[in-house]
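Asker: With positions in the sequence shown counted from 1, the corresponding number in the working numbering is that position plus 1381.
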Amino acid sequence: MLIEKGMIVKSVAGHDQNRFYVVISADGINARIADGKVRPLEKPKSKKVKHLAATTARVDAEAITTNRQLRQVLAAYNNGRREENIE
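#1: Could you tell me the distance, in whole angstroms, from the CA atom of Lys1391 to the CA atom of Gln1450?
#2: Please state if the CB of Asn1448 and the CB of Lys1429 are separated by a distance shorter than 8 Å.
#3: In terms of residues, what are the limits of the alpha helix (DSSP H) holding Ala1457?
#4: Considering only residues of the same chain and omitting the five flanking positions on each side of Tyr1458, which have a CB-CB separation below 6 Å?
#5: Quick one: is Ala1444 buried, meaning 16 or more other Cβ sit within 10 Å of its Cβ, or exposed?
#6: Taking the continuous beta strand (DSSP E) assigned at Leu1433, which residues delimit it?
As structure tokens, then:
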């Protein structure tokens, strides 16, 4: 699946595996992802898209302007309370 801006993705490789992020931008090879805590909006992580698994969930990336909003969106995913279809 193509990784696009606003998607909620799961890291499947690296020291951050099994954590969820929101895609801030993507160019086909790399995606810039943030979670609002370890990786704030001001300093997103660049990660290869082959190391990410897309979920069916999306958020309006333009509406999320603070790290607090970003953490609130991802809280249900990172705390294991929410199951999403991961492709």
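All residues carry an ideal CB built from backbone N, CA and C; glycine is no exception.
Because the structure is a prediction, the values reported are computed rather than measured.
Answerer: According to the structure data:
#1: The sequence position of residue 1391 within the sequence shown is 10, counting from 1. The sequence position of residue 1450 within the sequence shown is 69, counting from 1. Taking the straight line joining both Cα atoms gives about 18 Å.
#2: By one-based count along the sequence shown, residue 1429 stands at place 48. By one-based count along the sequence shown, residue 1448 stands at place 67. Contact flag unset, no.
#3: As a first step, residue 1457 must be located in the sequence shown, where it is residue number 76. Ala1457 -> alpha helix (DSSP H) spans Asn1448 to Asn1459.
#4: Numbered from 1 along the sequence shown, position 77 holds the residue referred to as residue 1458. Here the set comprises Phe1401.
#5: What you label residue 1444 is simply residue 63 of the sequence shown in a count that begins at 1. Taking every protein chain shown into account, the CB of Ala1444 has fewer than 16 other CB atoms within 10 angstroms, so this residue is exposed.
#6: Within the sequence shown, the letter at position 52 stands for residue 1433. Per DSSP, Leu1433 belongs to the beta strand (DSSP E) from Leu1433 to Arg1439.
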